[in-house]
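As you go down the protein sequences, you meet chains A and B in turn.
Residues 66 to 189 (the working numbering) are what the first sequence spells out, left to right.
Residues -14 to 64 (the working numbering) are what the second sequence spells out, left to right.
All C-beta atoms, glycine included, are put in the ideal place defined by N, C-alpha and C.
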Amino acid sequence: MKKNILITKEPIQPSPAPIDAGSGAVVTFSGVVRDQEETEPILGLFYEVYQPMAENVIHQILQELSAKHPCTSAEVTHRYGLIPAGETSLWIRVCAPHRAEAFGLVTEFVDRLKKEVPIWKTKP
Amino acid sequence: MRILYFAQARLATGRSEEEIISPEAMSAESLWQRLTQKHPSLLPLQSSCLLAKNGSLLQPGQTLDPQDEVAVLPPVSGG
Chain A
66 MKKNILITKE
76 PIQPSPAPID
86 AGSGAVVTFS
96 GVVRDQEETE
106 PILGLFYEVY
116 QPMAENVIHQ
126 ILQELSAKHP
136 CTSAEVTHRY
146 GLIPAGETSL
156 WIRVCAPHRA
166 EAFGLVTEFV
176 DRLKKEVPIW
186 KTKP
Chain B
-14 MRILYFAQAR
-4 LATGRSEEEI
6 ISPEAMSAES
16 LWQRLTQKHP
26 SLLPLQSSCL
36 LAKNGSLLQP
46 GQTLDPQDEV
56 AVLPPVSGG
């Protein structure tokens, strides 16, 4: 599976990369900063990252998941710094021959990212 | 040894990194003792934080060398 991982301070632009030939399913996911935390309104969240480790852990998770969910490519972009409410903090695009493996990989990847990847959000 | 603090650990210590002088290798327990003596505000976080050595999670029994980069990692919350 091809992997493209980007951790950036810049606003996330969905990838212009062409879709893999042979893909029957392309699943994209955007994680967006909500405008409230529990019931309290917020203007945004501050994300910090231990970048080299985060990139390695994301790579490792995708590698492991690709054995269970055989997809052809996975692109992951995570933003850090101050992210205003309504803007994207996480963007994923996965291509696969069929939808089941693409949905499966995205779902499990996000679950594991939230538990394993050294990225933190705090209220600014 | 270079120590990196993230999120709640950064807020508790008031810094994102610092150098500590250590002439020889030390265990995770010894390092925690040094860090919490210097920053008592880290004590309540110790049980929930992991340590990483040069970008990889510290394994049980692994020691920390004077030239290592050690990160104090509170529970993560990305996404």
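Would you say T153 (chain A) lies against chain B (beta-carbon separation less than 8 Å)?
Here residue 153 (chain A) corresponds to residue number 88 of the first sequence, with the count starting at 1. Not an interface residue.
Step through the CB atoms of chain A and report whether any lies within less than 8 Å of the CB of S15 (chain B).
Here residue 15 (chain B) refers to the residue found at position 30 when the second sequence is read from its first residue. No, because no Cβ of chain A sits closer than 8 Å to the Cβ of S15 (chain B).
Could you tell me if I6 (chain B) is buried or exposed, where buried requires 16 or more neighbouring beta carbons within 10 angstroms of its beta carbon?
For this step, residue 6 (chain B) is matched to residue 21 along the second sequence. I6 (chain B) is classed as exposed because its beta carbon has fewer than 16 other beta carbons within 10 Å across all chains shown.
Should N69 (chain A) and E140 (chain A) be called a contact, given that it needs their Cβ atoms to be closer than 8 Å?
As a working mapping, residue 69 (chain A) is identified with position 4 in the first sequence. As a working mapping, residue 140 (chain A) is identified with position 75 in the first sequence. Yes; because the gap between Cβ atoms is below 8 Å, this pair is in contact.
What does the Cβ neighbour count give for I126 (chain A), buried or exposed, with the cut at 16 atoms within 10 Å?
Within the first sequence, residue 126 (chain A) is the residue found at index 61, counting from 1. The residue in question, I126 (chain A), is buried, as its Cβ has 16 or more Cβ neighbours within 10 Å.
At least 3 beta-carbon pairs within less than 8 Å: the region -8 to 3 of chain B vs the region 95 to 102 of chain A:
The count of Cβ pairs closer than 8 Å, one atom from the region -8 to 3 of chain B and one from the region 95 to 102 of chain A, stays below three, leaving the stretches out of contact.
Answer yes or no: does any C-beta atom of chain A fall closer than 8 Å to that of L49 (chain B)?
Start at 1 with the first residue of the second sequence, and residue 49 (chain B) comes out as number 64. False, the Cβ-Cβ gap to chain A never drops below 8 Å.
Look at the alpha carbon of C34 (chain B) and the alpha carbon of D176 (chain A), and state the distance between them as a whole number of angstroms.
Translated into the one-based positions of the second sequence, residue 34 (chain B) becomes position 49. Translated into the one-based positions of the first sequence, residue 176 (chain A) becomes position 111. Cα to Cα, C34 (chain B) sits roughly 20 Å from D176 (chain A).
Along chain A, in chain order, which residues have C-beta atoms closer than 7 Å to that of P59 (chain B)?
As a first step, residue 59 (chain B) must be located in the second sequence, where it is residue number 74. For P59 (chain B), the chain A residues whose Cβ falls inside 7 Å of its Cβ are W185, in order along the chain.
Would Y112 (chain A) pass as a contact of I148 (chain A) if the rule is Cβ separation under 8 Å?
Sequence index remark: in the first sequence, residue 112 (chain A) carries index 47 (1-based). Sequence index remark: in the first sequence, residue 148 (chain A) carries index 83 (1-based). Contact flag set, yes.
Is the CB-CB distance between K67 (chain A) and S154 (chain A) below 8 Å?
Position 2 of the first sequence, counting from 1, holds the residue named residue 67 (chain A). Position 89 of the first sequence, counting from 1, holds the residue named residue 154 (chain A). Their beta carbons are not under 8 Å apart, which means K67 (chain A) does not touch S154 (chain A) by this criterion.
Considering only the beta carbon of each residue, do A(-8) (chain B) and T73 (chain A) sit closer than 8 Å?
Along the second sequence, read from residue 1 onward, the residue named residue -8 (chain B) stands at position 7. Along the first sequence, read from residue 1 onward, the residue named residue 73 (chain A) stands at position 8. Cβ atoms of A(-8) (chain B) and T73 (chain A): not closer than 8 Å.
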